[in-house]
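Structure record follows, encoded as structure tokens.
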Amino acid sequence: MISNFGNLLLFISIILSLSIIYLSNKNLKLNGNQITKNIFQLSLIQSTIVIICFFTLIAAFIVSDFSLITVYQNSHSMKPIFYKITGTWGNHEGSLMLWVIILTIFSFLFLIYNKNHPKKFRLLTLIIQNILIIGFLFFILLNSNPFSPLSPIPKEGLGLNPILQDPALAIHPPLLYIGFVGSSIYFSAAIASLISNYSEKNFASSIKNWILISWSFQTLGILVGSIWAYYELGWGGFWFWDPVENASLLPWFAMTALFHSIIVFEKRNLFYFWVIILCLMTFILSVTGTFLVRSGILNSVHTFASDPTRGIYILSFLSLMIFGSVFLLFKKYKTENYNLNQNSKETFVLVNNWFMMFYLVTVLLGTIYPIFTDALSQNKISVGPPFYNAIIFPVVVIFLIFMAIGPNASWIKNKFDNIKLYFLILLGAILINLMIILFFKNFSILSNFIIISALFLILSSLKDFVISKKKNNLDLARIIAHASFGFLVLFIGLNHIFSVEKDYNMKIGEIKKFDNYSIEFKNLELKDFTNYQAVVGEFEILKEKDRNILKPEIRIYSNPKTLTYEASIKTSFIKDYYLTMSNIDRSDYYNIKFQEKPLMIWIWFSVIMIVIGGLLRFFKNAKNS
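For the sequence shown, position 601 matches number 600 in numbering that gives the first Met the number 0, and the numbering has no gaps at all.
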């Protein structure tokens, strides 16, 4: 029953998309700049149908309806109801439903909030968007149908991967998908712009808020995923350059470059085709990330659903988008003569874009290189943190300097003020770094260069705040975002220098001492929880007069039968104590991994402030539009 109902809703959604495309094409031929009401109505009905379809799937998970393969494979009756609900999008099929919801809602909202733009541009955007919707709906029906029936109906499900049973994973995918799928609207708008020759400055105003929304949610999604990986996966880091992490980062680089470029296009009517390329690139990279993750061609600690047949469909869909976009771009492309002055703001934005593209290409190559080596030589390799750190971090030093001085350049003019003041700021950054070295007696050439450049950006942003407030032209959104990025890099640098890590094999009653630390294995206890058992260790961490009790866990899940290792983390404003425990076969000993991670909470807070800067810009744009 529920299978038939869900499939019916999916077919209705396809029919509605086809109807919207037909009516939009028909409306294009009518005189005037008004879009007929029935297009708005159909778009609203379509969004409603897709939402109902998704809530139908949620209901199936809540009542443990194992007549659906998706529910059987990703849930069980004893699972807490919260994780039954979040498990709806914690699997491949459910996550694609979430994709379609965002596609349809963004289509409708684009019609509502972009009324001041030409009818042809808006309708073409809607047509392209619905072609994408149809593509994903067919993908769902053919390869990833959440309403596929199962017969005979089993009494119990297989359960959800235990590491996905976490509150952070409840919000991480929706946030990330709004970023991923949100980029579809300016992908569609870019194609519509090319077809309709809508290349005026107003084109920028039609997409800039959509860029900011998707960028903000993408950043939040990456943050929540990073926090989850930090406390759940047990390795104690906030970024591992894992292929799935990289897949989320690639469109973020393109989005960041795009937003800065759109400012130049709106102000100076420059970079039009570069803006178009970035619009296309962002969504294509989002779909590329989906292909890499879902196809099974990459190994990742984050990969929970992979299927080569799904990968073939996504690759085909991706290829059509790429070739279609490139063909149209080359057909419409005209040479643009920028004539930029060396020290103008436009030049600095262009340099910013070069840096973003450098980071993007580096991460992309590091992610796909193992694929080609495996295909050509059958040698499985992985590209890890040393590769990315060695290439990216030295460039970050230069990037931060350009990021600090760029906002103070003038539009058009080859003019740059306050050079002496920047030398003083640089001197201040160097002095602060020297104080850090002398106080903590720790030194790393690259890390200290990064710290100096981060301090330079922070102090420059503070200077901008003071001066612009006096001149009554305060750009608070930009200052908060830039300063917060400086703080982010600063805290990452300090975290890298001053982190402590020790590995021991210990049994109950044993004490390990190093430097001014003492770790005592005090106790071990077996506890029962709702859907798992846990072996809970008790450890006393002493550092001079600082005493903390940490309780890492080894969790035993029955549905599915899985062991997970849960870190115990003691967080303060200064540092985190991080402890994991894993069992050693047929032994009284347990492997203990202890870490002291300075300033972790400030790394998370810095990213939140970056997002706040983006949202402030969004609300300012919305108010002025």
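Virtual Cβ for every residue (Gly too), placed ideally from N, Cα, C.
With a 10 Å radius around its C-beta and 16 neighbouring C-beta atoms as the bar for buried, classify residue i as buried or exposed.
i, result
"Ser571", "exposed"
"Gly536", "buried"
"Met164", "One detail in the question is off: residue 164 reads as Gln in this sequence, not Met. Its Cβ being crowded by 16 or more others within 10 Å, Gln164 is buried."
"Met77", "exposed"
"Trp410", "exposed"
"Glu543", "exposed"
"Glu524", "exposed"
"Ala621", "exposed"
"Gly31", "exposed"
"Gly508", "exposed"
"Asn144", "buried"
"Ser443", "exposed"
"Tyr21", "exposed"
"Ile132", "buried"
"Pro173", "buried"
"Glu552", "buried"
"Asn432", "buried"
"Met434", "exposed"
"Arg546", "exposed"
"Ala58", "exposed"
"Thr218", "buried"
"Asn471", "exposed"
By Cβ distance, which residues of its chain are closer than 7 Å to residue i, with the 5 residues on each side in sequence left out?
i, result
"Phe135", "Leu95, Trp98, Val99 and Leu102"
"Val300", "Confidence in Val300 is poor, its pLDDT being 48 and thus under 50, which makes the residue's placement unreliable; the coordinate value appears in the next sentence. Here the set comprises Leu232 and Asp241."
"Ile184", "Phe105, Phe109, Gln128 and Trp209"
"Leu277", "Ala253, Ala256, Leu257 and Ser260"
"Ile226", "Ala167 and Trp603"
"Phe303", "Note that Phe303 has pLDDT 48, beneath the 50 cutoff, so the model's placement of it is unreliable and the number below is only indicative. Correct list, in chain order: Asn160 and Leu163."
"Leu458", "Ile424, Gly427 and Ala428"
Opposite residue i in the DSSP bridges: which residues?
i, result
"Leu562", "Ile555"
"Ser567", "Leu578"
"Pro148", "Leu67"
Where does the unbroken alpha helix (DSSP H) through residue i begin, and where does it stop?
i, result
"Phe179", "Pro166 to Ser195"
"Tyr229", "Asn201 to Glu231"
"Asn407", "It is not in any alpha helix (DSSP H) - Asn407 carries neither H nor E in the DSSP assignment."
"His91", "His91 to Tyr112"
"Met434", "Ile418 to Phe439"
"Ile20", "Ile1 to Leu27"
"Ser381", "Taken as a continuous stretch (DSSP letters only), Ser381 belongs to no alpha helix (DSSP H), as it is neither H nor E."
"Asn142", "Lys118 to Asn142"
"Leu163", "First-last for Leu163: undefined, no H or E at that position."
"Ser459", "Ile444 to Lys469"
"Ser76", "Segment: none, Ser76 is in no alpha helix (DSSP H) and carries neither H nor E."
"Lys36", "Lys36 to Ile61"
Leaving out the 5 sequence neighbours to the left and right, which residues in its chain are closer than 6 Å to residue i when beta-carbon positions are compared?
i, result
"Thr55", "Gly5"
"Ser285", "Phe179, Ser182 and Pro250"
"Glu500", "Gln594"
"Leu157", "Gln72 and Pro559"
"Thr561", "Pro161"
"Lys526", "Ala533 and Val535"
"Phe354", "Phe398"
"Leu314", "Phe290"
"Phe464", "Ile478"
Below 8 Å CB to CB, which residues in the same chain sit around residue i once its five sequence neighbours on both sides are set aside?
i, result
"Val382", "Trp240, Gly365, Thr366, Tyr368 and Pro369"
"Leu461", "Ala482"
"His171", "Gly220, Val223, Gly224 and Trp227"
"Val395", "Ile449, Ser452 and Val488"
"Tyr680", "In this structure the chain extends from 0 to 624, so residue 680 is not present and cannot be described."
"Lys333", "Phe272"
"Ile139", "Leu9, Glu92, Leu95, Met96, Val99 and Pro145"
"Thr361", "Tyr387, Ile390 and Ile391"
"Leu141", "Tyr312"
The beta strand (DSSP E) spanning residue i covers which residue range?
i, result
"Ile591", "Tyr589 to Pro597"
(Q) My parser needs the beta strand (DSSP E) runs of 3 or more residues fully inside the stretch 489-556; what are they? (A) Fully enclosed beta strand (DSSP E) runs of no fewer than 3 residues occupy 499-505, 510-513, 516-527, 531-542 and 545-549 of the stretch 489-556, in order along the chain.
Q | Residue ranges of each alpha helix (DSSP H) within the stretch 268-349, 4 or longer | A | Entirely contained in the stretch 268-349, the alpha helix (DSSP H) runs reaching 4 residues are, in chain order, 271-293 and 307-331.
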